[in-house]
Structure formats: structure tokens, C-alpha cells
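Heads up: the structure comes next, in C-alpha cells.
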Amino acid sequence: MRTVVLAQLRTHAARLIASTLAVVIAVGFVVATLVLNETSRSTVLDTVGARYVDAAAVVTSEGGSLAGDVATLEELSSVGAVAAAYETSVSAAVPGRPGSQYLSVQSIADAPQLRWEQLSSGRLPTGTGEVAVTDRARAEVGDVLTVSAYDAGGQATTSEATVTGIVDLRGDPEAGLYARGFVTEAQARDWGATGPLELRIAAGPGFGTDEVVADVTAAVPGDVAVRTGEEQAEKAAAALMGNATALASVLLVFGTIAVVVAGLVIANTFAVLLAQRTRELALLRCVGATARQVRRSVLGEALATGLVSSAVGVAAGIGLAALISAVAGSNSAIPLSGVAVPLYAVLAGMLVGTVVTVLAALAPARAATKVAPLAALRPVDPAPLRSRPGVLRLVLGLLLAVPGTALMVGGAVIQEVLVALPGGVLSFLGIVLLSQRAVPPVVAAAGRLAGRLGGVPARLAAGNATRNPRRTAATATALLIGVTLTSAFVVGAASTRATATAGLDAEFPTDVVVQSWSDDLPTSLPGTLADLDQVARTAPVTGADVTDPLGDPFYAHGVDAAAASTVLRSTDEMLLPRPGEVVLPEWAGEAYSVKDGDTLTLTGEGRSLPLRVLITGEDQAPLLDAGDLRSLAGDTGLAEVWVMLSETDPDAQVAGVDEVTDLVGEVAPDAQVTGLVTMRIELDEILDVLLLVVTGLLAVAVVIALIGVGNTLALSVVERRQENGLLRALGLTRGQLRGLLAWEAVLVAGVASALGVVVGGSYGLIGAASVLGEVGDIVLDVPWLQVGAIVVVATLAGLLASVLPARRAARTSPVAAIAAA
Amino acid sequence: MSVPLMTVPGEPPAAARTSAAVRAAGLRKTYGTGETAVHALAGVDVAFAAGEFTAIMGPSGSGKSTLMHCLAGLDTATAGEVWLGDTPLTSLRDDQLTTLRRKRIGFVFQSFNLLPVLDARENIVLPMQLGGLRPDPAWFDAVVARLGLRERLGHRPHELSGGQQQRVAIARALLPRPDVVFADEPTGNLDSRSGAEVLGLLRSSVKETGQTVVMVTHDPSAAAYADRVVLLADGRLAGDLADPTAESVLDALRGLGA
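Taken in sequence, the protein lines are chains A and B. FYI, the numbering used here numbers position 80 of the first sequence as 255, with every residue one higher than the one before it. FYI, the numbering used here numbers position 47 of the second sequence as 127, with every residue one higher than the one before it.
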């Protein structure tokens, strides 16, 4: 039989193109998902967690200095090297640039294996008086910076430092926030660094991570945290991304769906292939092949097809991921750089493709063994009629759909994607099973309507479309899946976008913040800044010392709520006090033992003012109404200026931040300019990349669906060859015959896409609710125009898929069709 | 027994020209080219009179089905001409041929005569509906009554016996009052009683309404129902019997070496 299998594959390679393509696409889908998942994971770890990933262990302290532990740790035999993280901040003037800018300084490790900094030029500093900086500092190698460091009392000391290199932070989304400097430990301490609060530890030769972590944990005090480098990197990534697993969850959803799609389409394709070959199989039986041999030959063919196309699919998936990574990674910071191909992705692709192909071929193979040897001698059997949908299927469908839907909705309510996802898969499988019951009546109803419009061909098409419910359901299911996926994604993406944009605006409501070290910003600054082209509006934030109820000095900021709210992108997470109110961060509320709604009395200049307390989760200075603060303190200085940029285009906004930085450097050299907008832009780009990735994968699902529709129609044409011949003999013109098939395609595709949009839209909303619930407040959004377009495009796609089979049917002469009987 | 063949190429005799429902002249059908060419029809001149029941007979491979397909506009001839009444068929395009079949030709095939998705009534009116025509209710009732289908109109083909299915096919063929009804082995799949019934119905439609029927068959007893038998062998006319009986047909066939 092996020779038969091989001969079949050789002879009918063209026939197998459709099924091969379906497997290749599906496997490519899975592999690309896994590869992109791994790539984004490793990219996030590489950028945000870059300094931790190579460390065997990381020790962090919540408050107490770890300086005393360094020597102890260095003596451990499993420890190769220890790098203490000293951090401070200074203001630095770059030659040729007006004013000075804020520079966040951190120490570099002495041990080479703990140095993570990537240089785009120059080298890392080797002694005091040297510094390496990031791009954001806009300095060049060889520049001598004038650095002002401030001690605890606010006293400035000035020194000079030569730029030795430029550090490339690559995709770190915080890279654009402010400039960073990298110096030796000694230099960092000279510039006022205290601590360290963090130690990074490299393993000694021959020691594993587990041993290092165990030894370190035993050696340090119990109140500090010891993590592996990997854990610390993931923690850092999670802190930045909100929740790094949300990304993985989204991709996991699509990966799972891809496998389901693949299985259904492959089963469909094999059913078509074997139906076209009934007589060949019967002939094999006639010449002495046992039913077992026939089944094995069919499964052998499936196995060979599965293996070959899975291999192609794995390659295609990796290529697709590389392409997406290259396209998305070049203009975006995160989360894709290069391609990380994990072995499990390759194995999973091969396994899924092959196993799904063979499993999907089981039912058709069983049907093939039922072919009687006589079928080879008889004229083609009349097309099977009125296959009855089984009760088993109905029961199974209900058993899957009802609890599955409940689980999915429950998962959305408790906002747990790992509950909603299996619920979604179960309910979708249930719906696929039930579609055999649901689709034919809907098609019949639509067919009656079409019969009035399209005459006899439409009426015949409606009859044809409903005569084999299983076939119709199979055709519809292929498209239903594609449409469900697409609309689930479109609706889910719209909600993701809306939620994320709202979340980002709420998280970073101010485009740019100008802060001073003391309350001495020139009072003209808000006006000067507002005159800049790139600046839309500004709002001043005053600052002054008043006295708290305990009699201690109490430093507070003052804003005019009306003016401030015009420069904020969102006030969802930003509490602005009205007259008579004070916004306190949580720590201050605890210090004064006041809760939301309590009264806190502040005094100053002999006056005292009872204020209603609002507690905010944000870590910010206590905030009063500007008028209240002035009446208490008498005299206030300008502490901050909040700036809203006029442009919304990311590049223009970055330019806007630079313009503000330049101006502030001139008029207020000590002020720090923080471009929160760049943070927002970076995170926005992450979302864009994510949406782009999934759109690419989904385009593929629609192609799979098209193949499915084309296959099923081709099967219909093969089976109804005689019928179509009879119709032609009785006076059906070629055009009418093409119309007949077109109507059938439109009926099935239209019903499938309408149902798919309803089902998919619901899945999209529920999915978005369950995934995004972990991230923040949900904003649900249904893009009606796109949803409508999906129905139209899917119906047209079905029509398109009918063109080739219809041409073939119309070309067959009536005599040939009848004579074959 | 055998009468002289019509051997004048091109035009049939003048007597046949006026009353012929369908006729062919110099009809050739060749499959393949060169040495492998097979001449299914090697030059056939034949005419079928209106209001007559003619059977075309011949051994397997004699070309009788090909002849019928060419006469009915289902297949195109390699050479020669076919006239349906005064309409020459070979110059017609596919769509024109299709419309012509719809209106002027009825078909009864051996098997697979009916569309499984339509019930008996819908099957009967199908050709007229394809042309956007409404059948004359009185004529519809008359046809249905004659074929004994009144109780079966709402049944789908799989709910009907083989004989009933053939009767539905005959009703469909008769309803548009076509110039010719072509029947291709209409009794091939039936038991002898049902077969006799179907042949009787074809015969009575000729006698009672003057319908022209041309039937292809290899069964001498079926051919005996016809007014005339045309014998075919190796793609050529090989005999012509008037008022045939099963015996005379058998004799003629033996003469062909079949």
C-alpha cells in the first residue's frame, strides 16, 4: 500500500495543495504566535530587565542600605561578583546647549559579567570625572559636562565630567523620559548617592543560580528580598507594562483558536479529497485491498501531508514572525527585536500540524473504508440526501455551549482570562456543533427571501444549500470561524485600544512637567512656555511651606483646578482640589491619621484653614487649591509648570519636549523637564505593534476560511455533476448555472458571516473584558463600520470562492455529465 | 424487410422536409484525431415525422445515444446539420441552444431524471419556470391526470418508486408541448411492469395529442411500442422498420450481427 500512497501523493499533488496550504497556514499561525510571544517576552526582558537578566541573584532592600552586605556576599564561594547599585540625580550642563538638564545617575558594575550597558559609541567610564550618558542627554563623546550635585540640605557642589560613551537603551520605553548617566561607584557616591538598595550578584565558576540564591538568602538579613535575575527582570517588566502576562494571554487566545480552525478546515479538506476519489478507493478494494489497508493508506497520506506541510508551516511561521518583528521593531521601541525561536515552538508546530491533520483525517478515512468494492463498477451514487443531524451532536453541542458560555461570561465578570479562555473554546466548539442545526433553517429562511429576488436559480440554490445540513454546516463553519475570529478581534481590539488609551491618558495625564529643585521658577515661565509653537497651554503649580496640625513644616503644592484641568489629557486618576480641599498621598494620610472626607487643619501666617481630605493613590506632593495656599502661606513660589503640547503626532510631540527643554534650560537652568508624553508614546507604540501582529495573523484565518468554502463548493459541484447536467439539458443556461452556485455561496456565506459577526462580536467584548480587566478600567467599543464591512467582505469572499467551481460546472457539457451516470 | 436507405446527402427527400419534426443531414461526430479517431456518427441522414413515435436501435457503440444527443442539441456534431422544424441547430450558440431545449424539446432519461431537492410538481414545471413561463393550468391538470400523478405532486423523488419517477419525468417533458420528446432508455432501470406502463404512456401521448417522440433503446420489446424503428450500426443507418414487432426488430438486429 505504501506504493499506492506515494503514487497518490505524486499524482494528486495539485489536489493536495488546498489541504497543504491549510496546514501550512495554520501551523505558521501557531508557530508565529509562539515565536512572537517568546520574542516579545525576551525583548521586554532584554530592555526593561536588561541589567538583571545576566545576574544569578538580585538582592533588594525596601529602605535599609545594603552596603554592609557586600563584603559578606563577596566571600561566599558560590558568588563570583557583586555589583552594588548606587543611584542619584544631578543636573548637568552640556556644552553648546542652553541651561542644564536633569540627569539620573547610576553606578556601573566593576565586574565585566555584571555590566549590561550597551554602548553605541565610546566606552564606559573607568574613574571619577568620567560619565557615559544616554541619547536623551544630547551630548557627544568627549563633551565635558558641568555637573551640579545637591546634598541632603540642598547645597550644590559643582564638578566636571567627561563623556566617555553613549549608552544605547534600545527598546526601553523609559529611555525617552529623561537623560541617564553611568559612572563608577566612587563617582556616584561623590555626587550624593546613598544606599545601595540593590545588589546584583554573578555566580562563581561552576555554581548554578539555585545555589547562589540559596547561599545569598542565608547570608543576608531576613527583611530583604532575594530573587533570581530572571525573576527580578520579570518584576521590572511587569512593573512597567502593568502586567506582562496580559500580552501573553492575548497571543495565547489566538494561538488556541488557530489550532481549532486548523482542525476543522483540514477535516473539511480531507472529506472533499476523499469524496472526489470514491471510485479510486473502491477500485483498490476490488483488486484486493482490505478495508484496513484502505484506511491505512488514507491515514498514511494524511501523515505525509501533515509532516511536510507542518515543516513548511514552521518555516513560514518563523519567517512571518521575523517579518513582523522587522517591520514593527524598526519603528517601535517594544516589544519586538530580532526573533527568538524557542525549540518548543518548532516542536509544537510540527506536533500540532501532524496530529491535527491525522486526527482530522480519521473521520473521512473511516468513511473511505465504508466504500463498497462495487462502487467502482456502479455509476456514481446519487448525491446523499437529507443526512440527519444526530441527536448526539445536539446534546454534545448543548453540553459544550451552555457551560462553556457560562464559564466565559463568568471569567469576564471576575476578569480572569484563564477562566474565560477555556470557557470560550468550549462554547465555540459547542456552537460549531450546534451550527449544523442552526445554519440550515436560517439558510432556508434566507433562501425563501432570495427565491423572490433571484427566480428559479435562487430557489434551487436555497434547496441545494439546505439538502445536506452537515455539508452546509461544514462550509458555513469554515467561514463562521474566520468571521467570528475577525469580528472578535476587531471588536476586542477597538475595546483594547479605547481602554488602553484611556488608561495611558489617566496614567500620564500631563504631556510635559517642568519642576524646580526649590520653589524658584521664574513666574514668567508659564507665559513664556505658552508662547512656544509646540505648546498649547500651560498651568502653574505653586509651592509653599505651611504648618501641619502637629506644628511641623508641611510642604504643599497649589493648583487652580479649572486652569489645571485644561492642560491634562485625563483627570481620571488625577485628583484636583477645589477651594477648601486638600489632596493627600496615602503616606501623608497615614501620618496624620486622616481618611477620605476627614478634615485636616493647616495653619500659616497666623491663619488656620480646615480642609476636607481627599486621598489619592498617586505618589505626589500634598495638593491644595492655589488660592487656599496663598491665603495660608502669604507668599508662594512657582514649583512646577504643567505643559500640554499642541500636537498629537508622536514625532512632533518629541520635538515639542525638546523645545520645552531648550527654553527651560535657558531661563531656569536648575529645572528638570520630564516628558511624560514620550512615555505615553512608547506605550502607545507597543499597542500598535500588538494590533499589527494580530491583524496579520487574522488575515490568514480568513484565507483559510476561503479555502474551506472553495473546497466545499468544489465537492458540491463534483457530487451534483449529473444534476447540473440534467438542469443544463432541461434548459438551464450556463449563466443560470453559475448564478445557481453563486446564490448558494452567497446564501451560505451571508448567513455564516452574519452569525459569525454576532458570535464573534460577543466573544470580542467578553474577551476584552476578561483580558483587560487585569490591566485597568474597561472601555468597551464596537466599531460598527468595520463590523458591517466584515459581513460584506465575507459574503463577497464566499462568492469569489464559488467562481472556480462554478466555471468548472458550467464548462461541463450536459452530455458528459449525463453520460457519466 | 429492410427498406431502402435515404442516401441523398445534404437534403432529405422533399416529402420528409415538410412534415419532419426533426431531421439530420450528413451528420458526423468524430472523437480524437488521426489514427486514434473514432467515428461515433459516420454520416447520418434521417428525418422523424411529426406526430410519430420512433425508436432508435442498435448494438452498443452503434452511435444511437450520440445521434440522439446531437438531434436534441445536447451535443455538437463534427459535421452536418440538424434541423428542429425549420431551425438549424449547428449555428446556434450555447445559450440559444439552451433556450431552445427549454422550450421545444422534452427529455426523459434512463436514470437521474429528477432534481432531488424539488417535489414532483416543482420538477414538472421546472423547464417552463427556467424560461420564466407559467404552465397552462388546464393542460397541467390534463397531463398530471393522464400520468396518474395527482396524488404524488407533493412528493420528493426519493419518496417515489422508479416507475413513478419516470412518469414525473414524462409529465415534465410533455408540459411545454415541445416539438419533440427525446427518451433515452426510459425503461432501462425499471421492472417489466413499470416499463410497460411508461411505454404505454409515451405511446398514448403520441396517439392522443400528436406528440412527436424519439426513443433510444436496446430492448426490442420496448421498440415494438413505436410506429417506426431506425436501426444504427457503426455510426451509420442500417435499417428502417415501419410498424415493428419485437420479433421483426430482433430479426433486423440479428441481420446487423448484433
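For glycine and all other residues, C-beta sits at the position ideal for the given N, C-alpha and C. The structure displayed is predicted, hence computed values, not measured ones.
Counted as a single uninterrupted DSSP element, the alpha helix (DSSP H) harbouring L582 (chain A) occupies residues 566-588.
Judged by beta-carbon spacing, A846 (chain A) lies beyond the 8 Å limit of S945 (chain A), meaning their Cβ atoms are not closer than that value. DSSP places M295 (chain B) inside the beta strand (DSSP E), whose first and last residues are 293-296. Of the other Cβ atoms in all chains shown, fewer than 16 fall within 10 Å of the Cβ of T247 (chain A); this residue is therefore exposed. Runs of beta strand (DSSP E) with 3 or more residues, each lying fully within the segment 220-278 of chain B, are found at 260-264, listed in chain order. For A830 (chain A), the CB contacts under 7 Å within the same chain, skipping 5 residues up- and downstream, are Q709 in chain order. With respect to the 8 Å criterion, A496 (chain A) and V210 (chain A) are classified as neighbours on the basis of their beta carbons. A distance below 7 Å between beta-carbons, with the five flanking residues on each side excluded, links P632 (chain A) to the following residues of its chain, in chain order: Q911, G914, L915, W918.
At a cut-off of 8 Å, the C-beta of H235 (chain B) has no neighbouring C-beta in chain A.
Note that the segment 929-939 of chain A touches the segment 660-671 of chain A; at least 3 beta-carbon pairs, one per stretch, sit closer than 8 Å. Under DSSP, no beta-bridge partner is assigned to Y353 (chain A). The beta carbon of G123 (chain B) sits closer than 6 Å to the beta carbons of G106, R108 from its chain, once the five residues preceding and following it are set aside; these are given in chain order.
Around the beta carbon of L241 (chain A), 16 or more other beta carbons lie within 10 angstroms, which makes this residue buried. Under the 10 Å beta carbon count, G302 (chain A) is surrounded by fewer than 16 other beta carbons and is classified as exposed.
In this structure, the beta-carbon distance from T339 (chain A) to T321 (chain A) does not fall below 8 Å.
Spanning the alpha carbons of V118 (chain B) and L537 (chain A) requires a straight line of approximately 45 Å. Interface annotation, L907 (chain A): in contact with chain B, CB-CB separation under 8 Å. Nearest CB-CB separation between V261 (chain B) and chain A: not below the 8 Å threshold. The CB of A904 (chain A) comes closer than 7 Å to the CB of L154, R181, F187 in chain B, given here in chain order. Between A808 (chain A) and V716 (chain A), the CB-CB gap reaches or exceeds 8 Å.
Within the segment 227-296 of chain A, the runs of alpha helix (DSSP H) that reach at least 4 residues and sit entirely inside it are, in chain order, 242-250. Scanning chain B for C-beta atoms nearer than 7 Å to the C-beta of V631 (chain A) yields Q209, L210, reported in chain order. For W291 (chain A), the closest of A:A314, A:A377, A:A268 by C-alpha to C-alpha distance is A:A377. The distance from the Cβ of V280 (chain A) to that of V358 (chain A) is about 6 Å, consistent with a contact at the 8 Å cut-off. Its Cα nearest to that of D695 (chain A), the residue A:V839 stands out among A:L567, A:V257, A:V839. Going by C-alpha positions, V260 (chain B) is about 22 Å away from P300 (chain B). For G622 (chain A), no chain B residue has a C-beta closer than 9 Å to its own C-beta; the minimum C-beta separation is roughly 11 Å. For M295 (chain B), same chain residues with a beta-carbon under 6 Å away, outside a window of 5 residues either side, are A135, A263 in chain order. Rounded to the nearest whole angstrom, the C-alpha separation of R642 (chain A) and V197 (chain B) is 7 Å. Here the segment 155-163 of chain B makes no contact with the segment 327-335 of chain B; the two share fewer than three CB pairs at distances below 8 Å. By the CB criterion at 8 Å, L206 (chain B) and R252 (chain B) fall inside the cutoff.
At a cut-off of 8 Å between C-beta atoms, L635 (chain A) counts as an interface residue with respect to chain B.
Counting of Cβ neighbours within 10 angstroms places T580 (chain A) among the buried residues, the total reaching 16 or more.
Residue state for P616 (chain A) is assigned as helix, using DSSP reduced to three classes. Note that the segment 596-609 of chain A touches the segment 567-587 of chain A; at least 3 beta-carbon pairs, one per stretch, sit closer than 8 Å. The C-beta distance from W817 (chain A) to T685 (chain A) rounds to 5 Å, short enough to fall under 8 Å.
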